[in-house]
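In the working numbering, the protein residues as written are 14 to 166.
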């Protein structure tokens, strides 16, 4: 989504990677968007990659003008879901990479996602350095401080 070129291991090697697990229906996730937008703008030209990961829910429509979600009358196709997430991202001015995890993906389980928003920070060597759940200012501050430290390493 957004940038359509797939990321490879080489694209992430030597970079600080922030994985943001979220959903369009998650109010606390939406409250993190100002921080995500700020980090993307601030660190974009540095050794930094921000990736937003959501799941296929297949049950929402998005109203561009109001920014509201509504229940879909019928399950959405993958293409409809991708378009809806892109409209949602455009409305909220999200510029970072977004991906929808396919059904059966083990990525959330691998990173221990038990609630959202969930952020995992990975250092330039590929080591997980932080995991945070929630949208409070203390989490945002801790994540940003760690990202700044890791970029300098």
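We treat Cβ as the ideally placed atom computed from N, Cα and C, and that holds for glycine.
- request: Evaluate residue 94 with the Cβ neighbour count: other Cβ atoms within 10 Å of its Cβ, from every protein chain shown; 16 or more gives buried, anything less gives exposed.
  value: buried
Start-to-end residues for the alpha helix (DSSP H) that takes in residue 44: Per DSSP, residue 44 belongs to the alpha helix (DSSP H) from 40-44.
Endpoints, the beta strand (DSSP E) within which residue 66 is located: 61-68
message: Quick check on the burial criterion: 16 or more other C-beta atoms within 10 angstroms. Buried or exposed for residue 127?
response: That one is exposed.
query: Can you name, in chain order, every residue of its own chain whose Cβ lies under 7 angstroms from the Cβ of residue 91, other than the five neighbours on each side?
result: 69
Supposed close pair residue 130, residue 45 - CB separation, criterion 8 angstroms: 5 angstroms
query: What are the partner residues of residue 163, as DSSP defines its beta bridges?
result: DSSP output for residue 163 lists no bridge partner at all.
task: Alpha carbon to alpha carbon, how far is residue 73 from residue 132? Give it in angstroms, no decimals.
output: 24 angstroms
query: So residue 60 and residue 28 are in contact, right, with Cβ under 8 angstroms, and what is the actual spacing, rounded?
result: That belief holds up - the Cβ atoms of residue 60 and residue 28 are roughly 5 angstroms apart, short of 8 angstroms.
query: Among 156, 67 and 145, which has the Cα closest to the Cα of residue 117?
result: 67
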